[in-house]
Amino acid sequence: MIDVHCHIIHGVDDGPSTIEQSLRMVEEAEKLGIRVIIATPHYQENVFELERVEENFKELWFKAQNYEVDIKMGYEVFLNPFNSVIARSSKQLTLDRTGRMLFEFPFNANFAYCFEAINRLQLENIVPVIAHPERNRNFLNNIAGLVSLVKAGCLIQVDAASIAGVYGVRVKEFAKRLIKMNFVDMVASNAHYADDYTDWYMEAYKNVIQWAGQYYAYKLFYKNAKNMLDGIGEKVYKVIV
Numbered sequence: 003m004i005d006v007h008c009h010i011i012h013g014v015d016d017g018p019s020t021i022e023q024s025l026r027m028v029e030e031a032e033k034l035g036i037r038v039i040i041a042t043p044h045y046q047e048n049v050f051e052l053e054r055v056e057e058n059f060k061e062l063w064f065k066a067q068n069y070e071v072d073i074k075m076g077y078e079v080f081l082n083p084f085n086s087v088i089a090r091s092s093k094q095l096t097l098d099r100t101g102r103m104l105f106e107f108p109f110n111a112n113f114a115y116c117f118e119a120i121n122r123l124q125l126e127n128i129v130p131v132i133a134h135p136e137r138n139r140n141f142l143n144n145i146a147g148l149v150s151l152v153k154a155g156c157l158i159q160v161d162a163a164s165i166a167g168v169y170g171v172r173v174k175e176f177a178k179r180l181i182k183m184n185f186v187d188m189v190a191s192n193a194h195y196a197d198d199y200t201d202w203y204m205e206a207y208k209n210v211i212q213w214a215g216q217y218y219a220y221k222l223f224y225k226n227a228k229n230m231l232d233g234i235g236e237k238v239y240k241v242i243v
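In this note's numbering, the protein residues as written are 3 to 243.
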């Protein structure tokens, strides 16, 4: 398995505070069969320091060499109307420098702004990956808006916790609907602590198998992420209903 969204770097955001806690996360991920983790600390201009993030990442990467888990670098970019990150070169902020950027919209962002942000990313040849849209009330209340964003070229990442029901029945049912529509590209842990892996990651995997079959679960938890890291742009035809 490959986890493309994880707050595993210590001391940089709302994830683990110590290197020991980070390594515990690596240990739990390894037990589940996860072999690649893309560390995605929050990035918001003038809030989180890139230098500190990269220093702590290097420490974690070095100390995790005894595990069968390859840790790569990425970010979860928070986009807002005053964020200039997408007005300049942003390749540094993509997932393992693949040209795919994981980002989240504010919960109150209007769709006009969403499309503007996507267009600006695409002008830099960056493919937007929307983090956990199933938890965003704008999309919960307006699935047609999310459909339009996918048609505009966005990929979709859903949280394992949403699939397991951690955020309530409505979010779980929306995640299920997106998966059954063949609408989701990747499922990720969005883990902040070791228990996030232990408590619901495998439950989410089993739910996806039940909802959409073994092969689609394989694609969401491994194959699509592997293609991304290998630079393979597999064409995915999504059923819009």
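Cβ coordinates follow ideal geometry from the N, Cα and C atoms, glycine included.
Asked                                                                                                                                                : Found
What is the DSSP secondary structure of Pro43, counted as helix, strand or coil?                                                                     : coil
By how many angstroms is the C-alpha of Glu205 removed from the C-alpha of Lys174?                                                                   : 12 Å
Pick from Gly155, Asn143 and Glu78: whose alpha carbon is nearest that of Arg172?                                                                    : Asn143
Kindly indicate which residue of Ala111, Asn112, Asp15 and Glu78 has the alpha-carbon position closest to the one of Arg99.                          : Glu78
I'd like the ranges of any alpha helix (DSSP H) spanning at least 4 consecutive residues and lying wholly in the region 176–203.                     : none
Evaluate contact between the region 54–61 and the region 213–226, counting only Cβ atoms and requiring at least three cross-stretch pairs below 8 Å. : no
If you reduce the DSSP assignment to three classes, tell me which class Glu78 lands in.                                                              : strand
Taking the alpha-carbon positions, what's the His9 to Ala111 distance?                                                                               : 23 Å
Do you know whose CA, among Leu125, Glu61, Asn121 and Ile4, lies nearest Asp72's CA?                                                                 : Ile4
Do you know whose CA, among His44, Tyr218 and Trp202, lies nearest Lys246's CA?                                                                      : This structure gives no information on residue 246, because the portion of the chain shown stretches from 3 to 243.
If you draw a straight line from the C-alpha of Leu25 to the C-alpha of Ala66, how long is it?                                                       : 7 Å
Exposed or buried, what is Lys178 when buried is set at 16 or more other beta-carbons lying within 10 Å of its beta-carbon?                          : buried
What is the rounded straight-line gap between the Cα of Ile234 and the Cα of Val6?                                                                   : 16 Å
Rounding to the nearest angstrom, what Cα-Cα distance links Asn127 and Ser92 in this structure?                                                      : 10 Å
Glu61 bridges to which residues according to DSSP?                                                                                                   : Paired residue(s): none; Glu61 is not in a bridge.
Could you pull the start and end residues of the beta strand (DSSP E) that Ala133 belongs to?                                                        : Val129 to Ala133
Can you give the Cα-Cα distance for Ala190 and Leu151, rounded to whole angstroms?                                                                   : 20 Å
Tell me whether the beta-carbon of Ile158 lies closer than 7 Å to the beta-carbon of Ile132.                                                         : yes
Measuring alpha carbon to alpha carbon, tell me which residue in Thr96, Asn140, Leu95 and Phe105 is nearest Ala114.                                  : Asn140
In whole angstroms, give me the CA-to-CA distance for Gln216 and Ala196.                                                                             : 26 Å
If I follow the unbroken alpha helix (DSSP H) through Gln67, where does it start and stop?                                                           : From DSSP, Gln67 is part of no alpha helix (DSSP H); its letter is neither H nor E.
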